[in-house]
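The next block holds one structure in the form of structure tokens; read it before the comments.
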Amino acid sequence: MSSQLRWKFIFIVGVLLFCVYGVIGVPDFPTSVRTLKDNLINRIKLGLDLKGGSHLVLQVQVEEAIGQRCDEAVDELTKQVREKNLLSATGEINRVDDTHILVRNLNPETSGTFRDIVSNQFTDWSMAPAAGETNGYLLTMKPSVISDLRTDTMNQALETITRRINALGLAEPTIAFTGRGNDEILVQLPGEGDPTRAKSVIQAGGQLELQLLADDQTYPSEAAALAAHNGVLPVGTMVVPGRSENSTAADQSDVYYILDRAPIVTGQDLRGATPQPSTNYPGQYEVDFELSTAAAARFGPFTESNIGHKMAIVLDHKVYTAPVINGRIDDRGEIEGNFSEDSAKDLALVLRAGALPASIKYLEERTVGPSLGADSIREGVRASIGSIIVVMIFLVIYYRLSGVNAVVALFLNLVILVAFMAYAGAVLTLPGIAGVILTIGMGVDSNVLVFERIREELRAGKANAPAVDIGFDRAFLTIIDTHVTTLVSCAFLFLFGTGPVRGFAVTLVIGLIANLFTSIYVSRAIFDLHLSRMERQAELSI
Amino acid sequence: MEFFHSVNIDWMGKAKYFVTLSLILLAVGWISILRNHGMRYGIDFRGGTLVYVRFAGKPPINDIRKGLEQAGLKNSTIQGISDTHDVASQNDVVIGLEQGSSDETLDAGKQKILDVLHKTFGTDTSGRPDFNAVTPSALTADLTEKDPLSLKTNAGDRYKELAASLTSARDSGHEGIITNFNELANVPGVTPAVLQTLASDYALSNFTVRDAEIVGPKVGAQLRRQALLATLYALAGMLVYIAFRFEWVYGAAAVIAVFHDVLITLGFFSLFHYEISLTVIAALLTLVGYSMNDTIVIFDRVREDIRLMRRDKFPDIVNKAINQTLSRTILTSGLTFLTVLVLYLLGGEVLRAFSFAMVVGVVVGTYSSFGIAAPIVVLWNKYHPSQGQGATVRAGSAAEKRVPAAARR
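As they're listed, the protein sequences go chains A and B. Numbering of the first sequence is given in the working numbering, commencing with residue 1 and proceeding in unit increments. Numbering of the second sequence is given in the working numbering, commencing with residue 543 and proceeding in unit increments.
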């Protein structure tokens with residue numbers, strides 16, 4: 001063996017060892033059949049279509065967060081304008097849509113003060129005289145603010161959902177931004193054949209607010225609440241529906257409260273939340289919460305100065321209870337609401353994880369039952385192995401010793417493919433198997449191209465060594481062309497495709513690169529080794 | 543061993559037969575598509591609900607249909623599956639539901655279907671969850687709480703293991719359906735106390751949901767558009783690369799040929815009533831890659847032969863190139879065909895549509911290389927003779943020039 005050839009083989013064996021280690025040697029070196037099997041199963045990550053599990057695509061209603069920001073601005077602006085009395089008798093401030101506010105009929109003499117307020121305090125907004133209004137302005141949310149708000153909302157939604165799912169303690173969930181718009185999140189739960197609980201936990205609002213009642217009264221309807229204040233709500237208050245304290249199973253009708261708009265405490269002030277059997281209603285559950293130190297420092301004095309008043313515990317814009325403040329409360333409270341043990345558990349979880357910045361909508365839900373997944377793996381693997389063996393046997397019959405060479409190259413190709421998928425943490429899915437099949441097809445083709453070419457040269461009367469030389473040289477060009485063409489198409493599929501199409505592209509790219517290595521480099525080295533050992537005149541087994 | 547030795551077939555002389563064959567295949571397939579009012583899209587692309595249920599015994603399809611109608615699910619379809627290689631699949635049924643109204647929650651259809659099934663088969667749930675639908679995590683939680691093995695400490699891990707072996711016994715050993723808890727008696731770690739706990743905490747239905755897919759209406763259209771765009775971009779990328787390596791007419795011919803393959807395969811899909819799903823898109827992409835590979839091998843040889851046979855006519859050169867690579871074509875195609883045929887026969891129902899596309903695609907893809915792509919190049923050369931011959935072909939890569947003089951015999 002020439003030293004060049006020796007180095008080639010050292011390199012090939014090195015690659016092989018690296019790959020085999022990558023598949024079965026991580027995380028612990030296998031010492032028994034069991035650890036070997038465990039490593040193998042852990043390293044080859046199967047997609048949900050093969051393993052079973054749930055796949056959810058949800059859309060965050062980002063517009064809601066923008067609209068909410070707009071509402072807040074309208075409220076704040078109204079408050080300031082009323083305090084300084086800047087509006088004329090017919091003046092009004094209205095939200096036009098999610099990103100526009102129209103201010104009409106300002107007092108002409110104080111419009112300068114108004115402009116100062118907007119440009120100093122409402123920096124997220126740009127202001128222009130409103131068309132068709134004499135003393136009106138149109139406020140538009142700045143595009144940079146909108147795009148920041150979108151990004152923040154999406155990031156916060158992803159974080160919140162991740163925390164909620166993690167709290168469920170499921171195995172290896174995937175939560176990530178996904179494809180089409182900029183507002184979609186993918187949730188994958190391997191092994192979970194029933195996504196119902198995960199979905200209800202994801203979807204729960206979890207927006208907790210403690211608000212003081214403006215008048216300590218409850219009303220049977222929204223109209224009644226308004227009527228009690230002569231049709232105009234007190235400044236800085238809102239009407240919120242709620243569960244009636246004495247509601248029964250038969251009577252589920254809502255009551256209405258008038259609450260101070262500014263919450264004393266919000267979900268962000270929570271340090272913890274735990275489900276507890278209810279002390280007041282035996283058999284029911286409640287959720288006890290604990291406030292952070294900073295919030296407790298506010299809450300203590302506040303409750304002390306409002307003893308005798310009622311405070312509403314508002315969850316997702318609905319009043320759950322409105323107890324009377326009997327004494328100073330520092331850092332604890334409870335939410336009562338006819339909860340079962342499970343719903344109390346889930347609510348506590350949601351409160352701990354924080355509120356979603358906007359509501360969500362499900363776009364896609366797929367569940368592959370574990371039994372179907374098991375079937376797919378069994379049948380897919382059986383069929384693949386079966387067909388690979390048939391191909392290999394045929395290659396050996398047709399090309400004799402050279403066929404063995406092709407089988408070695410093909411086998412190495414598969415080992416490299418699997419190893420690289422393991423190292424890259426890529427997931428094998430059904431479309432991925434399609435990629436593997438195409439890889440095998442092109443691997444066989446590369447070998448056949450070379451062998452047929454060598455045969456041609458031998459028929460033309462060449463000696464063994466030059467025939468092998470020319471065979472590889474000529475086929476090299478073809479193999480490069482076919483592989484690069486497919487790689488180019490994979491690049492486009494990866495860039496523009498979604499989920500399954502991408503999975504196909506990734507597997508195929510790895511397979512094609514492995515194939516270039518095995519069918520050109522490895523196969524050639526084996527030929528050279530064989531040629532260096534055989535008699536010059538002997539017939540090449542091809 | 544060798545199949546072909548110095549064949550001499552006038553492929554280009556027969557080109558009109560190939561083109562006629564292609565036109566017939568295209569016409570048959572696309573008439574079928576028109577008659578069926580367009581392609582049948584899978585749930586991915588259409589939007590809607592699909593629930594794939596396996597029953598313990600032969601499913602009473604008429605009862606299910608009646609139940610669905612009573613529940614007001616009028617647009618439902620019920621389809622039995624009979625996979626000859628999987629005996630248990632005779633009891634499988636796929637229930638489909640068209641897209642509901644847009645303001646309905648996404649999984650409302652699925653819930654209704656499940657309710658109908660529970661009602662039709664009188665599962666005595668009495669508030670208990672169905673064991674055939676329980677997930678390992680939920681089972682672990684329940685077992686840990688009830689602690690039938692009286693473990694107290696370290697119970698979590700032990701029960702996690704027990705729940706995993708119970709559910710895997712259900713899914714692999716019993717095809718996903720347990721009809722009596724005693725079937726689980728042989729699972730390692732199971733004691734009578736465990737079985738008792740299971741029996742008191744869980745109901746047993748006589749069916750299990752193997753697969754459920756719910757796709758919103760907008761998503762379907764988007765996915766369809768995106769898959770189409772990705773494929774078109776990929777084709778354009780290939781065209782540019784081949785045009786760069788050969789000549790633009792070769793690139794165009796190759797892309798037309800694979801386009802032709804895809805169209806014919808789609809026609810066959812319609813003829814045999816398969817649906818186009820995302821997985822099938824992967825199969826179509828595979829066949830595009832495969833057919834392209836085949837075409838490039840022939841073009842490569844044409845390019846090489848042009849340099850060797852400067853005085854021959856272009857169609858003869860192409861004929862020779864096809865004949866020279868015929869042995870390889872038959873061998874590679876034959877083996878790939880064998881592979882996908884095995885996959886089609888043994889791969890199970892999940893891979894059925896996928897491998898069907900491959901079986902059709904390999905045959906059509908192989909034949910389009912010499913039957914469609916090569917004739918296009920020849921035809922072009924007939925009217926633009928200055929372009930095709932010898933010197934104008936941009937072959938000039940380093941490897942090409944390295945070819946020893948001996949090769950030009």
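Virtual Cβ for every residue (Gly too), placed ideally from N, Cα, C.
Residue 554/B carries a helical assignment under DSSP once its states are collapsed to helix, strand and coil. The contact set of residue 783/B on chain A, defined by CB atoms closer than 7 Å, consists of 484, 485 and 488 in chain order. Where residue 905/B is concerned, there is no enclosing beta strand (DSSP E), although the alpha helix (DSSP H) around it starts and stops at 894-910. For the segment 356-372 of chain A, the beta-carbon criterion of a distance under 9 Å to any beta-carbon of chain B is satisfied by 361, 362, 363, 364, 365, 366, 367, 368, 369, 370, 371 and 372. From the listed residues 332/A, 198/A, 217/A and 133/A, the smallest Cα separation to residue 167/A is found for 198/A. Segment contact: the segment 548-560 of chain B against the segment 906-923 of chain B, three or more CB-CB distances shorter than 8 Å; contact assigned. For residue 119/A, the CB contacts under 8 Å within the same chain, skipping 5 residues up- and downstream, are 127 in chain order.
Under the three-state reduction of DSSP, residue 326/A is assigned to coil, being neither helix nor strand. Proximity of residue 474/A to chain B, defined by a Cβ-Cβ separation below 9 Å, is satisfied.
The beta carbon of residue 271/A lies closer than 7 Å to those of 290, 291 and 292 in the same chain, with the five residues before and after it left out. Annotation for residue 5/A: 525, 528, 529 and 532 place their beta carbon closer than 8 Å to its own, counting only its chain and skipping 5 residues before and after. The closest CA to that of residue 435/A, considering only 501/A, 312/A, 70/A and 203/A, is found on 501/A.
For residue 878/B, the enclosing alpha helix (DSSP H) covers residues 856-888.
Taking all protein chains in view, the Cβ of residue 230/A is surrounded by fewer than 16 other Cβ atoms within 10 Å, so the residue is classified as exposed.
The Cβ atoms of residue 749/B and residue 673/B do not sit closer than 9 Å to each other. With respect to chain B, the C-beta atom of residue 170/A has a partner C-beta closer than 9 Å. Note that the segment 725-735 of chain B does not touch the segment 455-473 of chain A; fewer than 3 beta-carbon pairs, one per stretch, sit closer than 8 Å.
Within a 10 Å sphere around the beta-carbon of residue 108/A sit fewer than 16 other beta-carbons, which makes this residue exposed. Residue 156/A is positioned such that its CB atom lies no closer than 9 Å to that of residue 301/A. By the Cβ test, the segment 477-496 of chain A is in contact with the segment 771-790 of chain B, since at least three Cβ pairs between them sit closer than 8 Å. Chain order gives the chain A residues near residue 896/B as 430 and 434, where near means a beta carbon separation below 8 Å. Per the DSSP secondary-structure output, residue 311/A pairs in a beta bridge with 212/A. Taking 9 Å as the cut-off, the beta carbon of residue 439/A is found closer than this to the beta carbon of residue 511/A. Residue 296/A is not a Cβ neighbour of residue 312/A, given a cutoff of 9 Å. Annotation: residue 5/A has no Cβ neighbours in chain B at a cutoff of 9 Å; minimum Cβ distance is about 21 Å. Comparing C-alpha distances from residue 553/B to each of 736/B, 866/B and 670/B shows the shortest one belongs to 866/B. In the assembly as shown, residue 31/A is an exposed residue. Its beta-carbon has fewer than 16 other beta-carbons within 10 Å. Rounded to the nearest whole angstrom, the CA to CA distance from residue 416/A to residue 122/A is 59 Å. Going by C-alpha positions, residue 15/A is about 36 Å away from residue 186/A. Here residue 127/A carries a strand assignment [DSSP, helix/strand/coil]. Across the set 153/A, 298/A and 29/A, the C-alpha of 153/A shows the shortest separation from the C-alpha of residue 359/A. Restricting attention to beta strand (DSSP E) runs no shorter than 3 residues, the segment 790-816 of chain B encloses none. In this structure residue 243/A is buried. Its beta-carbon is surrounded by 16 or more other beta-carbon atoms within 10 angstroms.
The Cβ atoms of residue 839/B and residue 860/B do not sit closer than 9 Å to each other. Rounded to the nearest whole angstrom, the C-alpha separation of residue 469/A and residue 522/A is 14 Å. Taking residue 897/B as the centre and dropping the five residues before and after it, the same chain places the C-beta of 882, 885, 886 and 889 closer than 7 Å to its C-beta, in chain order.
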